[in-house]
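Chemist: Before I ask anything, here is the structure I am working with.
Protein chains: 4
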Amino acid sequence: MVYKERTRTMPTKRKLMTPQDVQGAWAIMPTSAKEGAESWRMTDSLDLDASVDAINGLIDSGIDGILTMGTYGEAATLTLDEKKRFMACLVETVAGRVPCFVGTTTLNTRDTIELTRYAADLGADGTMLGLPMWCTPTLPAAVRFYKDVAEACPDMAQCIYANPEAFRFDFPPPFWAQVADIPQVVSAKYTAIGQLIQNLELTRGKVRAMPIELDYYAGARIDDDISAFWSSGAVCGPKPTIALRDEVARARETGDWTKAKALTDKMWWAVTPMFPAGGFREFSMYNIAIDKARMQAAGWMQVGPARPPYDMMPDHIRAGAETAGVRWAEMAKEAV
Amino acid sequence: MVYKERTRTMPTKRKLMTPQDVQGAWAIMPTSAKEGAESWRMTDSLDLDASVDAINGLIDSGIDGILTMGTYGEAATLTLDEKKRFMACLVETVAGRVPCFVGTTTLNTRDTIELTRYAADLGADGTMLGLPMWCTPTLPAAVRFYKDVAEACPDMAQCIYANPEAFRFDFPPPFWAQVADIPQVVSAKYTAIGQLIQNLELTRGKVRAMPIELDYYAGARIDDDISAFWSSGAVCGPKPTIALRDEVARARETGDWTKAKALTDKMWWAVTPMFPAGGFREFSMYNIAIDKARMQAAGWMQVGPARPPYDMMPDHIRAGAETAGVRWAEMAKEAV
Amino acid sequence: MVYKERTRTMPTKRKLMTPQDVQGAWAIMPTSAKEGAESWRMTDSLDLDASVDAINGLIDSGIDGILTMGTYGEAATLTLDEKKRFMACLVETVAGRVPCFVGTTTLNTRDTIELTRYAADLGADGTMLGLPMWCTPTLPAAVRFYKDVAEACPDMAQCIYANPEAFRFDFPPPFWAQVADIPQVVSAKYTAIGQLIQNLELTRGKVRAMPIELDYYAGARIDDDISAFWSSGAVCGPKPTIALRDEVARARETGDWTKAKALTDKMWWAVTPMFPAGGFREFSMYNIAIDKARMQAAGWMQVGPARPPYDMMPDHIRAGAETAGVRWAEMAKEAV
Amino acid sequence: MVYKERTRTMPTKRKLMTPQDVQGAWAIMPTSAKEGAESWRMTDSLDLDASVDAINGLIDSGIDGILTMGTYGEAATLTLDEKKRFMACLVETVAGRVPCFVGTTTLNTRDTIELTRYAADLGADGTMLGLPMWCTPTLPAAVRFYKDVAEACPDMAQCIYANPEAFRFDFPPPFWAQVADIPQVVSAKYTAIGQLIQNLELTRGKVRAMPIELDYYAGARIDDDISAFWSSGAVCGPKPTIALRDEVARARETGDWTKAKALTDKMWWAVTPMFPAGGFREFSMYNIAIDKARMQAAGWMQVGPARPPYDMMPDHIRAGAETAGVRWAEMAKEAV
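Protein chains in written order, with the working numbering: chain A, 1148 to 1483; chain S, 1148 to 1483; chain E, 1148 to 1483; chain Y, 1148 to 1483.
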């Protein structure tokens, strides 16, 4: 679909989301890049047409919410102008059909507040928010960061982007005990389910803890409060993601979790080739390039190259990423 | 009970355990230390009488297996002579009533093999085995280490001690794919359930993945193969540990997991005070001292001080550890 | 002095600096903040009057060059607008009297290029440039980053900001072997003199290696090519910094290094209280707040508070920082 | 030379060394391994004949002291029996001609004390001592460790083995301020000259700070107290090492440092190929294997393979190590 950018009027503000509003399958959206976007010479790298198609495709497939502009959504490598235009395109295309959270992590509190306010004005429901990462954050500084943004942007919900590797911070239990009382903090995107479990009681009813889709079956079985998850696979083909959500819901009714588990096992089979032998440390050196190569290989949406400086990876790592994409696409066909 | 050390004859060798033999609640045993054992001047720091009482207490309470001489069991700080004498005491006291695995992690392959053979000769069932940690291990070196020990000690089962912090190694999926084919590798003691889940299919039927008791409810719900766990709480009072095992077993029959979950929530409440604000990094600077202080405060067994050089911790961290111990003891009373 | 911002015309472009042009004492300038700048509510935190006074003070004292907007210069926490206005004020105030390099490190290649071009248009001589730090950089990505910026901004010199802690990159010898051939790379700001020494032959004649003032005596003695250094002490009072430069120059003539050494020893005495007991890891959690507290306590210039989120530190760490500032001021008096 | 092990009588105890006794070039000795020592099957891996030849060769060449059983000397991978027998062979062969320090780093305080006492009884002059590394050491624990060993072994000098990577400890200034007052702590083996410089005033007159030979020229120029260094190159051919010592001594008389500097530059040229592109982190994964391959390729002594589990490295890293060895040998020929 051809997307035409336009001047727009201020939307009527929706009211602040609650943890109870965060449910189901939330897709992580990359920001599609034009061919050649791996070069510094490309000043406008956004492929908004591809983005619009993907957004509509996700919503049509039944996705419950959208998170974007984290690591894979390239918050680090989009220019400020691209961020603003992508946000606008996203909010306008979504048009209130599902909640959407845009990443507003920057190098400091004030830039984050400014960008978060911009997103709020566009009508975004929330921010997926990590920590400034030039210096190693301390516990008090991390807590205050989220408090400051909440104070400055009271009508924007916050999904805490709890990625210890990117943000050099362990997000320990005392952190959760403190941020749980910020009304704007409605959800948390975890990378490790162990940490999610550890914090569950500290945040119950106050913060919706979201595991990755690979851990959703696990989370759902252990606690009824785990009723939402994030999916980086959705943009490789949303059917398995939606199927998982629905199978878990069905299992919660029937008590028969066989299919939810089998689907999860299949997902693990699909993603395993994208993890290098060097473990999470090696993965984190190439994660954007890996995930975009995987998504591109899956063929469901047009994602284009990673933006500089994160577009390079060794051939054997690219091959693993592509295999993971192809496997997901194969699984998506079966899930029809 | 007063334990009398004696010369002993070679036991009849039992056959190699299998993953299927690893079931239920496995207690992590500290090696009780005499008063004053925080000083380098104490050459014989073992309080074997207290150990015997604890071993018998654990078995009488219904524990399914014993793991010892990992981090809390002070593999790092026992002398070689103490290790050998403690192993002997343990194996003799257990007397085949439950399987027991002793830690034989050292700074290199050959010392580990020698100590593992010694343990095998005593009649231990297996070794809980981490990696030499002077240098950062690589994937091929880590795999070969476990292979070498298996080749050298074919009748000793191995429980892989997957502690990334202590051993400077991520234990990534390709590691598990390779060690799963070593027949001696029958189980894995995980610190992070996220990693356990990630590797589940790679090791199914070949390696029993053991989460900590705090994650056992979670693990059990998500996969029937998760049928064993490790407990550092058992020596703070084994009743909650045993109750958890039994509640999970009951839930597997009835489908009603309410009590297993409630017990798990209670356990999290009990342990939370022992984690410092600085997160896992800070915890790992004091972990032995923290856990021994917690166990001592719980009052179920006599553990004594941590051995040098790991016996010091700030007062506020000690206070948290002791609160955790007291809470567990309180919970153990209710669990009667 | 009261500084009045104004619209300005494009300066005549000076030609690209060479490593040979980088000589003597280069001051690291903080970006003075108004009272209250530790709050997110302050949108215009720049105290340009104080900056102008400091810039003139440094130049009047005889400083050879200015580096700014690194870690202490708060590249991370200034807004884009503040960065641009501070750069303009700096370049205009310096007015070609000494070379000045402004930091243009951002989260990605393209933002860095845009900001570097902006600085070039203002008339800045170069950029003090670190690496994007959301992801861990790889060797090829790091090299390409500097190449891309050089290609895009051919008339801007680059001072490589080799801070392994901030940028998650070791800056190993193969990196230097490759960037040495980029003509724009004229200097390198090292934090560790050991690494500087290791790379000296790889970059001789191509990149001026700059140690911190504390290591300048050492560097100067070992190699004549080490003829420039960076000083974070200059803004605590420039006299010791200038005296060191001159003593080293004198010693190079006379062969008598006694005074240069004594001055260096005095500097170590002055700065030691600002390093926390936890070593460099702990220092790096509070470095901006520490250095601004130190500078403020020294009383030579008005620096104001650190900007959010990096303005908090424990009291005992603040006390150490302030002692270091007071000691420097004391030393500066003696150096008259 | 064929070495015959024998029962030996207790030597007359020499008096405790002082920092003033630590002078000149100290060779780092590997512990020669027999062919096949990379296998766990080899129980006696010591090639004492080769060790004796190397010891005599070093002393004949004019070396001032010997340090052994650190990382390259394989303290981690020798068995206890091998350590004791190697120590005996070393002390007996040296026969008081030069001071010798043996590594007694273990996993805990008491094992270290026992081994240090054993070494003292043999007649070793001191221990090159790192920290137990199973857990991350804290500042108080690290200081107490060295104090405990000093108290237990009052007649053994200590060379603090300040390797942050191996021992997970930054060795920050407050550490040095405290250990400087332990009379047994007479020297420190630094890996980073920047840290050495930072601590120089804190330890002046109390601890002889030793840089690596590559940094000795630098150290010697900046401070007369830097009058000793350690050399891992000596066993690739001691001539350049001795020449460096002598050139520095000469330069201290004449003021002409040209030759000392040229020799240092040549040494950097020789060693550079052994550092992998991944920087110090990658080097530290293979350091033992790298250094033994380099020494073997140099051909001056028979070192044999690295012991398990540290004997594996990628081919391109081995190639770099061997090139470094060959370059040193070439340089040693010229230095005749």
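By construction, the Cβ of each residue, glycine as well, lies at the ideal position given by its N, Cα and C atoms.
1. DSSP three-state label for residue 1250 of chain Y, please.
2. If residue 1176 of chain A and residue 1226 of chain A are in contact, beta carbons under 8 angstroms, what's the gap, nearest whole angstrom?
3. Are the C-beta of residue 1286 of chain Y and some C-beta of chain S separated by less than 7 angstroms?
4. If we count the other Cβ atoms within 10 Å of its Cβ and call it buried at 16 or more, is residue 1384 of chain A buried or exposed?
5. If you measure from the beta carbon of residue 1299 of chain E to each beta carbon in chain A, is any gap under 7 angstroms?
6. So what does residue 1174 of chain E bridge to, in DSSP terms?
7. What is the residue span of the alpha helix (DSSP H) that residue 1208 of chain Y lies within?
8. Going by the CB atoms, is the gap between residue 1222 of chain S and residue 1272 of chain S shorter than 7 angstroms?
9. Relative to the alpha-carbon of residue 1386 of chain A, which residue among A:1369, A:1302, A:1476, A:1246 has its alpha-carbon at the smallest distance?
10. Sorted by chain position, which residues of the same chain lie with C-beta nearer than 6 angstroms to residue 1187 of chain Y's C-beta, five sequence neighbours on each side aside?
11. By alpha-carbon positions, which one of S:1210, S:1448, S:1426, S:1269 ends up nearest to residue 1376 of chain S?
12. Under 7 angstroms, Cβ to Cβ, is there at least one residue of chain Y near residue 1197 of chain S?
13. With the cut-off set at 7 angstroms, would you say residue 1340 of chain S and residue 1321 of chain S are in Cβ contact?
14. Note the first and the last residue of the continuous beta strand (DSSP E) segment covering residue 1334 of chain Y.
15. For residue 1431 of chain A, go through chain E and note every residue whose CB falls closer than 8 angstroms to its CB, in chain order.
16. Using a Cβ-Cβ cut-off of less than 7 angstroms, list which residues of the region 1403–1418 of chain S approach chain Y; keep chain order.
17. What separation, rounded to the nearest whole angstrom, lies between the Cα atoms of residue 1419 of chain E and residue 1355 of chain Y?
18. So what does residue 1219 of chain S bridge to, in DSSP terms?
19. So with CB distances below 9 angstroms, who are the chain S contacts of residue 1348 of chain A?
20. Just to confirm, are residue 1395 of chain A and residue 1424 of chain A a CB contact at a threshold of 7 angstroms?
21. Pull up the distance between the alpha-carbon of residue 1374 of chain E and that of residue 1389 of chain Y, whole angstroms please.
22. For a minimum of 3 consecutive residues, which ranges assigned as the beta strand (DSSP E) are wholly contained in the region 1349–1425 of chain Y?
23. Just checking my contact of residue 1229 of chain Y with residue 1193 of chain Y at CB under 8 angstroms: how many whole Å lie between their CB atoms?
24. Just by C-beta distance, which residues in the region 1252–1271 of chain Y are closer than 8 angstroms to chain S?
25. What is the residue span of the alpha helix (DSSP H) that residue 1236 of chain A lies within?
26. With a cut-off of 7 angstroms, does the C-beta of residue 1467 of chain S fall near any C-beta of chain A?
27. Spatial neighbours of residue 1208 of chain S within its chain, please: CB distance less than 6 angstroms, with the 5 preceding and 5 following residues excluded, ordered by chain position.
28. Determine whether the Cβ of residue 1368 of chain S lies closer than 7 angstroms to any Cβ atom of chain A.
29. Do residue 1256 of chain E and residue 1317 of chain E come within 7 angstroms of each other at the CB atom, strictly closer than that value?
30. In chain order, what residues of the same chain lie with their CB nearer than 6 angstroms to the CB of residue 1350 of chain S, ignoring the 5 residues before and after it?
31. Let me make sure I understand the geometry here. Which of A:1458, A:1330, A:1469, A:1465 has the alpha-carbon closest to that of residue 1182 of chain A?
32. Could you check if residue 1252 of chain A is buried or exposed, using at least 16 other CB atoms within 10 Å of its CB as the buried criterion?
33. Looking at residue 1428 of chain A: is its Cβ nearer than 7 angstroms to the Cβ of residue 1472 of chain A?
34. Judging by CA-CA distance, which residue of A:1205, A:1276, A:1312, A:1352 is the nearest neighbour of residue 1092 of chain A?
35. If you check the beta carbons only, do residue 1348 of chain S and residue 1412 of chain A fall under 7 angstroms apart?
36. When the cut-off is 7 angstroms and only beta carbons count, does residue 1445 of chain Y lie next to chain E?
Modeler: According to the structure shown:
1. If DSSP states are grouped into helix, strand and coil, residue 1250 of chain Y belongs with the strands.
2. 18 angstroms between Cβ atoms; not a contact.
3. Not a single CB atom of chain S sits nearer than 7 angstroms to the CB of residue 1286 of chain Y.
4. So residue 1384 of chain A ends up on the buried side.
5. So yes, residue 1299 of chain E belongs to the interface.
6. Residue 1174 of chain E pairs with E:1213, E:1378.
7. 1195–1208 is the span of the alpha helix (DSSP H), which, as asked, contains residue 1208 of chain Y.
8. A distance of 7 angstroms or more separates the beta carbons of residue 1272 of chain S and residue 1222 of chain S.
9. Measuring from the Cα of residue 1386 of chain A, the nearest candidate turns out to be A:1476.
10. For residue 1187 of chain Y, same chain residues with a beta-carbon under 6 angstroms away, outside a window of 5 residues either side, are 1455 in chain order.
11. Measuring from the Cα of residue 1376 of chain S, the nearest candidate turns out to be S:1210.
12. Residue contact with chain Y for residue 1197 of chain S: absent (no Cβ-Cβ distance below 7 angstroms to any residue of chain Y).
13. The answer is no: Cβ separation not under 7 angstroms.
14. Residues 1332–1337.
15. The answer, in chain order, is 1282, 1283.
16. Interface annotation for the region 1403–1418 of chain S against chain Y: empty, criterion Cβ-Cβ distance under 7 angstroms.
17. Taking the straight line joining both Cα atoms gives about 20 angstroms.
18. In the DSSP output, where bridge partners are listed per residue, residue 1219 of chain S has none listed.
19. Within 9 angstroms Cβ-Cβ: 1412, 1415, 1416, 1419.
20. For residue 1395 of chain A and residue 1424 of chain A, no; Cβs fall outside 7 angstroms.
21. Their backbone Cα atoms lie some 30 angstroms apart in a straight line.
22. Runs found: 1355–1357, 1375–1378.
23. For residue 1229 of chain Y against residue 1193 of chain Y, the beta-carbon gap comes to about 5 angstroms, under 8 angstroms, which counts as contact.
24. Cβ contacts with chain S come from 1253, 1254, 1255, 1256, 1257, 1258, 1260, 1261.
25. Run containing residue 1236 of chain A: 1227–1241, per the alpha helix (DSSP H) assignment.
26. No, no contact with chain A.
27. Within its own chain, the residues whose Cβ lies closer than 6 angstroms to the Cβ of residue 1208 of chain S, once the five positions on either side in sequence are excluded, are 1385, 1389, listed in chain order.
28. Among the residues facing chain A, residue 1368 of chain S is included, as its CB has a counterpart in that chain under 7 angstroms away.
29. No, the pair does not count as a contact, with Cβ atoms beyond the cut-off.
30. The residues are 1323, 1327.
31. Cα-wise, what sits closest to residue 1182 of chain A is A:1458.
32. With 16 or more Cβ atoms within 10 Å of its Cβ, residue 1252 of chain A is classed as buried.
33. Their beta carbons are not under 7 angstroms apart, which means residue 1428 of chain A does not touch residue 1472 of chain A by this criterion.
34. The shown model of chain A, from 1148 to 1483, leaves out residue 1092 of chain A, and the question about it has no answer.
35. Yes, these two residues count as a Cβ contact at 7 angstroms.
36. Not one chain E Cβ lies under 7 angstroms of residue 1445 of chain Y.
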